[in-house]
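Residue numbers (our numbering): 323 to 717. Using N, Cα and C, we set each Cβ at its ideal position, and we do this for glycine too. The structure presented is a predicted model; accordingly, all values stated were derived computationally and were not measured. Let me begin by presenting the structure, written as structure tokens, before commenting on it.
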Amino acid sequence: MLKGKTVVLGVTGSIAAYKIVDLASSLKKLHADVHVIMTKNALNFITPITFETITGNKCLVDTFDRNFEFNVEHVSLAKKADIFLVAPASANVIGKIASGICDDMLTTTLFACTKKKLIAPAMNTNMYLNPILQDNLEKLKKYGYEIIEPADGILACGDTGKGRLVGVDVLLDRIIYHIGYDKDLKGKNVLISAGPTVEAIDPVRFITNHSSGKMGYSIANKAYLRGANVTIVSGPVKEKAYEGINIINITSAKSMFDVIKDNYKSFDYIIMAAAVADYTPISVAENKIKKSDSNLNLELTRTNDILKFLGENKLPNQKIIGFSMETENLIENSKAKLAKKNADMICANSINNKNTGFMVDTNLVTLIKKDEIKELPFDTKENIANGILDEIKTL
Ligand code: CTP
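Below, the structure is given as structure tokens:
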């Protein structure tokens, strides 16, 4: 994913410096060319050899016994970088960067770098909340730096509060966001429904389905990485979405319908990847449900067909995409669904194979449009998500 990209990591003196070893390792696994610059203070917490072993590149520090040519190296690395992350960033280094002070390898290289620059502060909570530090961060934001805010928690000094370096996963996500994908969906508003719906039988019991939300969340995450403004209307799932994605949690088919009906006009693409119940027990409030522990005698009513509603009410230039889960006659049934629901594309899923459909990481999907049928290769849901997004751009 990061092949051909150069990531420069600036590490300052903080106990959290050890986390950057994991980050460097994760970046290498994604095939990035990783370079680390340490401040002198960082050497108190970690050794350059650790980074050199992981990255395969010389770790730059301000000690002349390490035989580097200061002037040449800092400029060439600044030019080579596709992104520069300072993490953990101490109050001291943030102050220097905000004031334009370049008195070591890290600050000099950063100053010469014209690409995206990220700062992830880590320090004692009172230092973090100090208005001088906050002013410095504001100044950096004004100049286009992205500040990755520290987390709350118990700090190395024993205090509790904001100041912990965020997790490696968050740092990795931000790097992938900036350099992992072309922003070919920039400016597009994408709404994705994902996961199961949950229909109450009575105040305690419910009916649901096996949808894990993996497919919908994969599409949402990829759309976000490709620059779209993404909203997920989500049933209860364990899947994770990038922080910049707006999530509206729902439970029943009715609550999903209500949210989508109220919001659908603001979106360019609406992708119904949720497994929505076709029927729901008649309202518990209406007291029509006979309680019986052994033999539930439910009266059911049809839910709103959300995809059909969207197809019938779509605005010009709005594209509506549905999913179809079929056990047989995949193509014919999906073609019929495309027409019946006035959708622009149906992503047809075969659920006969144990490696496709619900609860697994892989899928086999055929994309059905009015005048074209395209089978995507069997793949991970993440890669299939990219294939679906490539296709919606052609609608
Ligand atoms: N869908 C919906 N509202 C419903 C039921 C389904 O919007 N009440 C959407 C699903 O999110 C999916 C598509 O419709 O994108 C097709 O769902 P599926 O269950 O395969 O088909 P149904 O329309 O329910 O038709 P059938 O069960 O007869 O195959």
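Sheet register partners of residue i (DSSP bridge)
i: Ile529; result: Glu521
i: Tyr591; result: Val512, Lys641
i: Asp491; result: DSSP, once it has assigned bridges, lists no residue as partnering Asp491.
i: Phe406; result: Val330, Lys439
i: Val552; result: Val512
i: Gly557; result: BP columns for Gly557 are empty, so no partner.
i: Ile570; result: Val555
i: Glu694; result: Lys691
i: Ala411; result: Pro443
i: Thr684; result: Thr702
i: Leu382; result: Ile359
Local conformation of residue i per DSSP, three classes
i: Val397; result: helix
i: Phe645; result: strand
i: Ala599; result: coil
i: Lys341; result: helix
i: His353; result: coil
i: Gly417; result: helix
i: Ile673; result: coil
i: Lys544; result: helix
i: Pro472; result: coil
i: Ile604; result: coil
i: Gly360; result: Note that residue 360 is Met in the sequence shown, not Gly. Met360: strand per DSSP, three-state reduction.
i: Thr482; result: strand
i: Asp712; result: helix
i: Thr375; result: helix
i: Met667; result: strand
i: Thr625; result: coil
i: Asn655; result: helix
i: Asn619; result: strand
i: Asn452; result: coil
i: Phe631; result: helix
i: Met578; result: helix
i: Gly538; result: helix
CB-CB length for residue i against residue j, believed under 8 Å
i: Ile514; j: Gly549; result: Going by Cβ atoms, the distance from Ile514 to Gly549 rounds to 15 Å, so no, they are not a contact pair.
i: Ile628; j: Phe579; result: 5 Å
i: Gly644; j: Ile668; result: 5 Å
i: Asn363; j: Gly335; result: 3 Å
i: Leu689; j: Leu698; result: 7 Å
i: Leu407; j: Ala444; result: Their Cβ separation, rounded to whole angstroms, is 12 Å, which puts Leu407 and Ala444 out of contact at 8 Å.
i: Phe373; j: Val397; result: The Cβ separation is near 21 Å, so there is no contact.
i: Glu521; j: Ala473; result: At roughly 37 Å, the Cβ-Cβ gap does not stay under 8 Å, so Glu521 and Ala473 are not in contact.
i: Val559; j: Ser534; result: 6 Å
i: Asn685; j: Asn671; result: 7 Å
i: Leu324; j: Leu349; result: 6 Å
Check: residue i C-beta below 7 Å from any heavy atom of the ligand HEM
i: Lys659; result: This structure does not include the ligand HEM; its bound ligands are the ligand CTP.
**Prompt:** Are three or more beta carbon pairs between the stretch 566–577 and the stretch 546–557 nearer than 8 Å?
**Reply:** yes
**Request:** Could you tell me whether the stretch 505–513 touches the stretch 474–494, where touching means 3 or more Cβ pairs closer than 8 Å?
**Result:** no
**Request:** Give a yes or no on contact between the stretch 339–356 and the stretch 411–424, applying the rule of three or more CB pairs nearer than 8 Å.
**Result:** no
**Asked** How do the stretch 681–696 and the stretch 652–671 stand: do at least 3 beta-carbon pairs fall below 8 Å, yes or no?
**Response** yes
**Message:** With three or more beta-carbon pairs closer than 8 Å as the criterion, would you say the stretch 429–437 touches the stretch 346–355?
**Reply:** no
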